[in-house]
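**Q** Supplied in structure tokens, the structure appears directly below.
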Amino acid sequence: MFISIDGGDGTGKSLQISLLKKYFEKQQKEVILCREPGSTRLGEAIRNILLNENGTKISVKSEMFLFMAARAQLVEEIIRPALQKNQIVLCDRFLLSTLVYQGIAVQDSMEEIWKIGEIAVDTVWPNLMILLDVDPTIALQRIKRPLDRMESKGIDFHQRVRAGFLKAADKWNQIFPNRCIVVDSSGTPEQVSQTIQNIVDQILFIKY
Ligand code: TYD
17 MFISIDGGDG TGKSLQISLL KKYFEKQQKE VILCREPGST RLGEAIRNIL
67 LNENGTKISV KSEMFLFMAA RAQLVEEIIR PALQKNQIVL CDRFLLSTLV
117 YQGIAVQDSM EEIWKIGEIA VDTVWPNLMI LLDVDPTIAL QRIKRPLDRM
167 ESKGIDFHQR VRAGFLKAAD KWNQIFPNRC IVVDSSGTPE QVSQTIQNIV
217 DQILFIKY
């Protein structure tokens, strides 16, 4: 079972993933956590290039390919082998993020990005994608450390990101019906976590 959690900056993905991990572990299930970009040696090196302000010039297209390269490595090195061992994989962000962030940057190029994404994931599609959705003004206030390169792009950008995620979720559901579920994450972490657990239980009940 492969589940990814996506959403704009500050929507609470990392916290929700750790709560979901605990939920599965209580049921004696084996869980692997990963994050994008990252989790492999190559992926973490790419993450460093992408998220740190270090003067390296990165064109919009190169940025997209770097995210995809990190993803291809993650799929081959970690996700596919874990799924073969029947482990549950929880991933902090996945292809939906590239469709949105790089799709916005290169203007409506979701179709192209989708095609490259298909190559990167190489048939390893999430069984379930959770999209955490909340007003960016609330989301950004939740981040208590200095903002990184992506986070400090301004409120307009984050509004477009939010709209982009909802559009990408629709697109995803056209291709894989009901596999991307939008969850309102304006509530307390416990409320949001309960909603996610209910969704996951339903999916497990229906499909597995
Ligand atoms: P991260 O620190 O993991 O952010 P968060 O904790 O909010 O998830 O950094 C990931 C950043 O990279 C985030 O701003 C979104 C961006 N990103 C993309 O632009 N494209 C992608 O394909 C992915 C996976 C992330």
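For the sequence shown, the numbering used here gives the first residue as 17, with consecutive numbering after it. Where a beta carbon is used, it is the ideal one built from N, C-alpha and C, also for glycine. Here the structure is a predicted model, which means the values were calculated and not measured.
Have a look at valine 150 and threonine 204 and give me their C-alpha separation to the nearest angstrom.
**A** Translated into the one-based positions of the sequence shown, residue 150 becomes position 134. Translated into the one-based positions of the sequence shown, residue 204 becomes position 188. Rounded to whole angstroms, valine 150 to threonine 204 spans 12 Å at the Cα level.
**Q** Counting along the chain, where does the beta strand (DSSP E) carrying serine 20 start and finish?
**A** Position 4 of the sequence shown, counted from the start, is the residue given in the question as residue 20. Looking at the DSSP string, the run of the beta strand (DSSP E) that includes serine 20 is 18-23.
**Q** Using a Cβ-based criterion (distance less than 7 Å to any ligand heavy atom), does glutamine 118 qualify as near the ligand GDP?
**A** This structure lacks the ligand GDP; the ligands present are the ligand TYD.
**Q** Please state the DSSP three-state secondary structure of arginine 96.
**A** Working through the sequence shown from its first residue, we reach residue 96 at position 80. Arginine 96 falls in the helix class under three-state DSSP.
**Q** Three or more C-beta pairs under 8 Å: does that hold for the stretch 150-169 against the stretch 63-70?
**A** Yes: the two stretches touch, three or more of their Cβ pairs being nearer than 8 Å.
**Q** Whole angstroms is fine: what's the gap from glutamine 44's alpha carbon to lysine 77's?
**A** Taking the sequence shown and counting its residues from 1, one reaches residue 44 at position 28. Taking the sequence shown and counting its residues from 1, one reaches residue 77 at position 61. Distance between the alpha carbons of glutamine 44 and lysine 77: 42 Å.
**Q** Give the DSSP-derived three-state secondary structure of arginine 109 in the structure shown.
**A** Mapped onto the sequence shown, residue 109 falls at position 93. Residue state, collapsed to three classes: coil.
**Q** Per the DSSP calculation, valine 199 is bridged to which residue(s)?
**A** To locate residue 199, count along the sequence shown from 1; it is residue 183. Answer is Leu148.
**Q** Three-state secondary structure (DSSP) at valine 140?
**A** As a first step, residue 140 must be located in the sequence shown, where it is residue number 124. If DSSP states are grouped into helix, strand and coil, valine 140 belongs with coil.
**Q** Does the count of Cβ pairs from the stretch 102-109 and the stretch 44-61 closer than 8 Å reach three?
**A** Yes: at least three Cβ pairs fall under 8 Å.
**Q** Taking the alpha-carbon positions, what's the isoleucine 62 to isoleucine 197 distance?
**A** Taking the sequence shown and counting its residues from 1, one reaches residue 62 at position 46. Taking the sequence shown and counting its residues from 1, one reaches residue 197 at position 181. For isoleucine 62 and isoleucine 197, the distance between alpha carbons rounds to 29 Å.
**Q** When burial is assigned at 16 or more other CB atoms within 10 Å of the CB, is alanine 29 buried or exposed?
**A** Indexing the sequence shown from 1 puts residue 29 at position 13. Looking at the sequence itself, residue 29 is lysine, so the reference to alanine does not match. Buried, because 16 or more other Cβ atoms sit within 10 Å of the Cβ of lysine 29.
**Q** Might you give, ordered along the chain, the residues of its own chain that have their beta carbon closer than 6 Å to the beta carbon of leucine 58, omitting 5 neighbours on each side?
**A** As a working note, residue 58 is residue 42 in the sequence shown. The residues are Gln89.
**Q** Taking 7 Å as the line, does the beta carbon of aspartate 164 fall inside it for any heavy atom of the ligand TYD?
**A** Against the sequence shown, residue 164 aligns to sequence position 148. Yes, the beta carbon of aspartate 164 sits closer than 7 Å to at least one heavy atom of the ligand TYD.
**Q** I'd like the list of long-range same chain contacts for serine 202, defined as Cβ closer than 8 Å, with 5 residues on each side in sequence excluded.
**A** Reading the sequence shown from its first residue, position 186 is the one you call residue 202. For serine 202, where only same-chain residues beyond five positions count, the Cβ hits under 8 Å are Val150, Asp151, Ile154.
**Q** Would you check if the distance between the CB atom of leucine 148 and the CB atom of isoleucine 21 is smaller than 8 Å?
**A** Residue 148 sits at position 132 when you count from the first residue of the sequence shown. Residue 21 sits at position 5 when you count from the first residue of the sequence shown. Yes, the pair counts as a contact, with Cβ atoms nearer than the cut-off.
**Q** Are at least three pairs of beta-carbons, each pair with one atom in the stretch 97-104 and one in the stretch 167-184, less than 8 Å apart?
**A** Not touching, per the Cβ criterion.
**Q** Within the continuous beta strand (DSSP E) that includes isoleucine 65, where are the two ends?
**A** Here residue 65 is taken as the residue at index 49 of the sequence shown, counted from 1. Element bounds for isoleucine 65: not the beta strand (DSSP E) but the alpha helix (DSSP H), 57-67.
**Q** Name the residue from Pro97, Asn189, Met126, Ile146 whose alpha carbon lies nearest to the alpha carbon of glycine 180.
**A** Numbered from its first residue, the sequence shown carries residue 180 at position 164. The residue with the shortest Cα to Cα distance from glycine 180 is Met126.
**Q** Does the ligand TYD have even one heavy atom less than 7 Å from the beta-carbon of arginine 109?
**A** Locating residue 109 in the sequence shown gives position 93, counting from the first residue. Yes, the ligand TYD has a heavy atom inside 7 Å of this Cβ.
**Q** Could you tell me the distance, in whole angstroms, from the CA atom of isoleucine 33 to the CA atom of isoleucine 135?
**A** Stepping through the sequence shown from its first residue, residue 33 is reached at position 17. Stepping through the sequence shown from its first residue, residue 135 is reached at position 119. Computed Cα separation, rounded: 26 Å.
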